[in-house]
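Below is one structure, written out as structure tokens; the observations come after it.
Chains as they are written, first to last, in the working numbering: chain F, 120 to 466; chain S, 3 to 111.
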């Protein structure tokens with residue numbers, strides 16, 4: 120697998136203003152349109168991505184613009200969507216499949232694990248799998264079962280896959296464009312609860328030094344590092360403002376890449392703050408927070424002031440409806456996590 | 003704004019068409035999800051179709067007496083670009099609320 124930590128690539132500035140205010144939906148739609156325009160081998164496929172434009176409007180207008188050969192609807196069969204993507208990749212295409220909701224990825228696990236992740240290895244590099252698998256992910260939209268799962272640790276555990284999750288429209292736009300030009304399969308986990316929030320997208324960010332690889336310090340702080348990704352980054356930024364009222368200076372590290380994890384960026388932040396709280400929506404046990412805690416412990420054991428805290432979902436199936444607010448780490452639970460690392464004393 | 007087309011669904015097992023009896027909404031009307039849209043008659047029964055979603059009715063197809071094939075356009079809605087998907091709701095942006103206060107003595111800083 121090629122390394123994701125690499126120098127920014129200079130790109131030509133696009134038409135129009137360099138900075139636009141877009142929702143994450145619009146930013147992703149823009150990124151897909153540009154990928155399709157720039158790479159004639161890129162194709163978009165999935166349930167309702169064509170005529171309907173996707174249930175979240177991410178592929179809105181793409182079929183009308185690029186035609187039914189390049190943006191097409193599939194049967195309701197995720198194993199088929201991924202199986203077709205494997206075949207397309209073998210034939211030299213860059214498929215960008217969408218699994219409509221996280222919970223629908225399970226029927227395609229065989230294709231994802233045994234084909235997408237392994238074909239390059241199995242063929243000694245002769246059959247790379249440049250597949251960008253878009254998965255609207257995580258909870259927060261009051262959807263029924265199967266529509267609010269957090270599968271990052273499943274995907275991250277599969278050799279051969281890379282996993283990334285954007286936290287805002289600017290990250291979404293650039294990370295999707297980056298992922299869709301990689302030679303390796305990337306699982307692109309879109310935080311669906313953040314689809315509608317608008318933010319500034321620096322369309323010329325490449326020229327301004329946007330780094331697509333590694334983690335990103337979303338807010339600098341001195342006392343404790345909150346490690347998060349996807350929708351939890353925005354929540355941790357809220358928490359950091361509240362903690363500031365109490366005199367606690369919180370650093371928020373947007374991990375972005377969940378495989379490979381930017382261990383150096385993680386260590387650099389925690390070496391400074393000496394305390395870490397990792398926040399994720401997925402269940403606690405064997406969640407990615409455990410991996411983060413291990414990496415921090417390996418690299419910062421001597422300077423850590425407290426064991427790494429995990430503030431996560433619970434070890435239960437994702438609940439629908441109002442119970443969502445109890446399941447997803449809320450502001451108070453994250454504040455409690457910070458309090459625990461602050462008051463911890465050795466001995 | 004985005005347009006969302008709703009084709010005539012299969013209203014029974016293997017029915018291929020239906021006849022419009024009466025439209026219960028007009029073009030330009032704002033409807034909520036499950037609002038009755040149209041009464042149609044199939045070879046089995048007359049049924050009222052509820053709206054699959056909220057939105058403004060942009061176009062309706064067929065006048066009373068017209069036959070529409072399953073899968074052909076029945077109605078087109080106009081919805082804001084930021085409307086949620088068919089499943090779920092757009093989360094509200096609320097000012098953050100807290101009950102927990104941090105109370106820590108930072109002994110080293």
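By construction, the Cβ of each residue, glycine as well, lies at the ideal position given by its N, Cα and C atoms.
Quiz prompt | Min CB distance residue 200 of chain F to chain S below 8 angstroms | solution = no
Quiz prompt | Member of F/220, F/183 and F/240 whose CA lies at the smallest distance from the CA of residue 252 of chain F | solution = F/220
Quiz item: What distance in whole Å lies between the Cβ atoms of residue 275 of chain F and residue 377 of chain F, which are believed to be in contact at a cut-off of 8 angstroms?
Solution: 5 angstroms
Exercise. May I have the straight-line CA-CA distance separating residue 163 of chain F from residue 199 of chain F, to the nearest angstrom?
Key: Going from the Cα of residue 163 of chain F to the Cα of residue 199 of chain F covers about 14 angstroms.
Exercise. Please name the residue in S/107, S/9 and S/105 whose C-alpha comes closest to that of residue 55 of chain S.
Key: When C-alpha distances from residue 55 of chain S are compared across S/107, S/9 and S/105, the shortest belongs to S/9.
Quiz item: Where do the N-terminal and C-terminal ends of the beta strand (DSSP E) with residue 51 of chain S fall, by residue?
Solution: 48-52
Exercise. With 8 angstroms as the limit, tell me which residues of the stretch 25-54 of chain S have their beta carbon closer than that to any beta carbon of chain F; keep them in chain order.
Key: none
Quiz item: Anyone know if the C-beta pair for residue 316 of chain F and residue 143 of chain F falls short of 8 angstroms?
Solution: In this structure, residue 316 of chain F sits near residue 143 of chain F, with a CB-CB distance shorter than 8 angstroms.
Practice problem: Determine the contact status of residue 430 of chain F and residue 453 of chain F, defining contact as a CB-CB distance below 8 angstroms. | Solution: yes
Quiz prompt | Reference residue 372 of chain F, options F/351, F/363 and F/225, closest by Cα | solution = Nearest to residue 372 of chain F by alpha-carbon distance, out of F/351, F/363 and F/225, is F/351.
Self-check item: Identity of the residue in F/428, F/401 and F/382 nearest residue 509 of chain F by Cα
Solution: What is shown of chain F runs 120 to 466, which leaves residue 509 of chain F out entirely.
Quiz item: Between the beta-carbon of residue 141 of chain F and the beta-carbon of residue 255 of chain F, is there less than 8 angstroms?
Solution: For residue 141 of chain F and residue 255 of chain F, no; Cβs fall outside 8 angstroms.
Self-check item: residue 384 of chain F, buried or exposed, once every other Cβ within 10 Å from all chains shown has been counted against 16
Solution: buried
Practice problem: Return the CA-CA distance between residue 307 of chain F and residue 434 of chain F, expressed in angstroms with no decimal places. | Solution: 24 angstroms
Quiz item: Closest Cβ-Cβ distance between residue 58 of chain S and chain F: below 8 angstroms?
Solution: no
Quiz prompt | Residues of the stretch 7-18 of chain S with Cβ closer than 8 angstroms to any Cβ of chain F, in chain order | solution = 7
Exercise. Quick one: grab the DSSP three-state call for residue 101 of chain S.
Key: coil
Quiz prompt | Partner residues on chain F for residue 99 of chain S, Cβ-Cβ distance less than 8 angstroms | solution = 450
Quiz item: Helix, strand or coil: how does DSSP classify residue 308 of chain F here?
Solution: strand
Quiz item: Under the three-state reduction of DSSP, which class applies to residue 323 of chain F: helix, strand or coil?
Solution: coil
Exercise. Report, in whole angstroms, the separation of the C-beta atoms of residue 103 of chain F and residue 152 of chain F, which I expect to be a contact under 8 angstroms.
Key: The structure shown does not extend to residue 103 of chain F, since chain F is modelled only from 120 through 466, so no value can be given for it.
Practice problem: Have a look at the DSSP bridge pairing and note the partners of residue 41 of chain S. | Solution: S/24 and S/50
Quiz item: Is the number of C-beta pairs between the stretch 17-35 of chain S and the stretch 64-83 of chain S that are closer than 8 angstroms three or more?
Solution: yes
Quiz item: So is residue 195 of chain F buried or exposed if we call it buried at 16+ other beta carbons inside 10 Å?
Solution: exposed
Self-check item: Partners in chain S for residue 444 of chain F, counting only beta-carbon separations shorter than 8 angstroms
Solution: Result: empty, since nearest Cβ-Cβ is about 10 angstroms, beyond 8 angstroms.
Practice problem: Using the Cα positions of residue 404 of chain F and residue 410 of chain F, report the straight-line distance between them to the nearest angstrom. | Solution: 11 angstroms
Quiz item: At a CB-CB cut-off below 8 angstroms, which residues of chain S make contact with residue 458 of chain F?
Solution: Within 8 angstroms of the CB of residue 458 of chain F, the CB atoms of chain S belong to 102, 104, 105 and 106, in sequence order along the chain.
Practice problem: Can you have a look at residue 115 of chain S and say buried or exposed, based on whether 16 or more other CB atoms are within 10 angstroms of its CB? | Solution: Nothing about residue 115 of chain S can be reported from this structure: the residues present for chain S run from 3 to 111 only.
Quiz item: In chain order, what residues of the same chain lie with their CB nearer than 6 angstroms to the CB of residue 297 of chain F, ignoring the 5 residues before and after it?
Solution: Only 331 meet the Cβ criterion.
Quiz item: Does the stretch 40-56 of chain S touch the stretch 76-83 of chain S, meaning 3 or more C-beta pairs lie closer than 8 angstroms?
Solution: yes
Quiz item: Anyone know if the C-beta pair for residue 272 of chain F and residue 414 of chain F falls short of 8 angstroms?
Solution: no
Exercise. With a floor of 3 residues, list each beta strand (DSSP E) that falls wholly inside the stretch 139-208 of chain F, ordered by position along the chain.
Key: 161-165 and 190-192
Practice problem: Using a Cβ-Cβ cut-off of 8 angstroms, state whether residue 291 of chain F counts as contacting chain S. | Solution: no
Practice problem: Determine whether the Cβ of residue 357 of chain F lies closer than 8 angstroms to any Cβ atom of chain S. | Solution: yes
Exercise. Can you give me the Cβ contacts of residue 250 of chain F inside the same chain, cut-off strictly under 6 angstroms, excluding the 5 residues immediately before and after it?
Key: Within the same chain, residue 250 of chain F has close Cβ partners 204, 208, 214, 235 and 304.
Quiz item: Looking at chain S, which residues of the stretch 235-263 of chain F have a Cβ within less than 9 angstroms of any of its Cβ atoms?
Solution: Cβ contacts with chain S: 255, 259, 260, 261, 262 and 263.
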